[in-house]
Each structure stands twice: as structure tokens, then as C-alpha cells.
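So that you can map any letter, position 168 of the sequence shown is 153 in our numbering, and since no number is skipped, the others follow by simple counting. Have a look at the structure below before the remarks.
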Amino acid sequence: MASNDSDPRPVIGLPTYLEHATFGAWSTESALLQSTYVQSVVRSGGIPVLLPPDAARPEVIDRLDGLVLTGGADVDPARYGAAPAPRLGELRPDRDESEFHLFAMARAAGLPVLAICRGLQVVNAAMGGTLFQHLPEVVGHEEHSGGPGSYTVTTVQVDPDSRVSGIVGVEVKANCHHHQAIDRLAEGLVAVGRAADGTIEAAESPTEPFLVGVQWHPESDASDDRLMRALVAAAAHTR
């Protein structure tokens, strides 16, 4: 078991950035992640563990009961066999390297995975799909993007027969902040949630124990932890 026998709460891994940060008397490279992810895991009954980009090792996976692939920068298009487009955003090769390995090891170990925003894009690319590098050029608007440090609310219609629908219902008012999205869906995934413009906003695996990805940010809404609670429950069962 990954967790200590005396503590029944499952351990949930959260990948982070390496960023230069200033706090207190220090200005130094730090492992960072928005605290909303941490708080959501805690509220949902899990133990959050922050994973820096060099943590993609089997002995780390052995200590986890579940994995959340967190949001962040664009996925390198080389990961899905494409050349960079003019509107491609910031890339973080260290996170790509780490999180593609983390995801592969988590699948091999049968760990539950919740993929959020960039995380869903990592899952789709890792399983053989492709991405729109700048979604506004495809849908003709920027309503998925939000402003700097903010979200826009997107209405997502969810397949009533899906796992995601069983967790959050057939319609979600979703907090979105993304300019990329799934183009060709990977084999092994099913699109189960879409925005009105057709953008895939949720996908899941019908064959794996718990592999759920959403393009929105459920961790940003402290009043609704249903997706995180579902991950933590699956992780507790796996444990």
C-alpha cells in the first residue's frame, strides 16, 4: 500500500512547476502549484503530495494512490508529431518529460488519474491524439481563454451515459482558461463533454478503472469538489 496503514486517506500526486519565486527573505527556484489543487484534495479526503518535474520515478508511483495531472503551459507539439504553430504559447519541456512518464507509470500501475486542462491534453497526446495549438483560430472566438489569471464560464453538455455525468450531471457551468484543446481524439478515449462550439471539454477511458479528463478547472471552485472526490474515492478503493 502506498499510504501508511494508520492513515486511511489516499495519497494523491500533484505535478508542479519549477519557477523562480520570491517569498520572505528568499528569491530562489521553487516547486510551485496553485494552492487550489492542494485544498481540493484535502477537502476531498486525500493527502496531497507535490511532485517536482524530476519526480517521475517508479518509487514515487509506488507511494501514490492516485494522480492529478494539473494545468499549465502548452504541450510541445513534437509530442504529437506536429510543427509549432505561430500562436503556440509557452512550453515547459521539463514538465512534458516528467508528466508523460508519470502518466505512463500510473496507467501501468492501475492508479486512478484525473487530468485537468493541460492534463487532459497530456493524456490525449500520450495516447496518440493531437491538439489544436490555438483554439480561437478553429472556433472563431476566445471565450474559452479567460483573461490573465482568470476564468471564463463555459456551459458543457455531458453524455448522460458517461462516468463524468455520473459525477457532475449532464450539464456543467465550467471555469475555463485554455487556448488549446483536443483535435484528433486518442484511441482509447471517448469524448463525453462538449461546449456549444463543439470543443471537447471532457473525455474518459471506458476500459480503465478511472481515467477522467476535463478541459476546465474543477479545483478552482471550492463549492464543488465532486470530480476530486470521485478521484480520491477511486484511489481509496485502489489502495
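Backbone N, C-alpha and C fix where the C-beta goes; we use that ideal spot for every residue, glycine too.
N-terminal and C-terminal residue of the alpha helix (DSSP H) that residue i is part of
{"i": "PRO33", "result": "Looking at the DSSP string, PRO33 is not in any alpha helix (DSSP H); the run it does join, the beta strand (DSSP E), is 32 to 36."}
{"i": "THR223", "result": "211 to 223"}
{"i": "SER12", "result": "Run containing SER12: none in the alpha helix (DSSP H); it sits in the beta strand (DSSP E), 11 to 17."}
{"i": "THR21", "result": "20 to 28"}
Three-state secondary structure assigned by DSSP to residue i
{"i": "ARG179", "result": "strand"}
{"i": "THR139", "result": "strand"}
{"i": "PHE195", "result": "coil"}
{"i": "GLU4", "result": "strand"}
{"i": "ASP81", "result": "helix"}
{"i": "LEU87", "result": "helix"}
Range covered by the beta strand (DSSP E) that runs through residue i
{"i": "GLY(-2)", "result": "-4 to 0"}
{"i": "GLU189", "result": "185 to 189"}
{"i": "GLY125", "result": "Element bounds for GLY125: n/a, residue is neither H nor E."}
{"i": "VAL98", "result": "98 to 101"}
{"i": "LEU52", "result": "51 to 54"}
Residue j beta carbon less than 8 Å from that of residue i
{"i": "ARG72", "j": "HIS119", "result": "yes"}
{"i": "ASN160", "j": "VAL143", "result": "no"}
{"i": "PRO97", "j": "ALA219", "result": "yes"}
{"i": "GLY178", "j": "ALA171", "result": "no"}
Beta-carbon separation (whole angstroms), residue i vs residue j, contact threshold 8 Å
{"i": "GLU189", "j": "ARG148", "result": "5 Å"}
{"i": "LEU99", "j": "LEU212", "result": "6 Å"}
{"i": "ALA63", "j": "PHE117", "result": "Contact doesn't hold; Cβ gap of about 16 Å is too wide."}
{"i": "ASP79", "j": "VAL60", "result": "Not really, about 13 Å apart at Cβ, beyond 8 Å."}
{"i": "LEU(-1)", "j": "TYR22", "result": "5 Å"}
{"i": "SER29", "j": "ASP210", "result": "5 Å"}
Enumerated in chain order, which unbroken segments of the alpha helix (DSSP H) with a length of 4 residues or greater are wholly contained in the segment 146 to 179? If we require 4 residues or more, the alpha helix (DSSP H) runs fully inside the segment 146 to 179 come out as 148 to 153.
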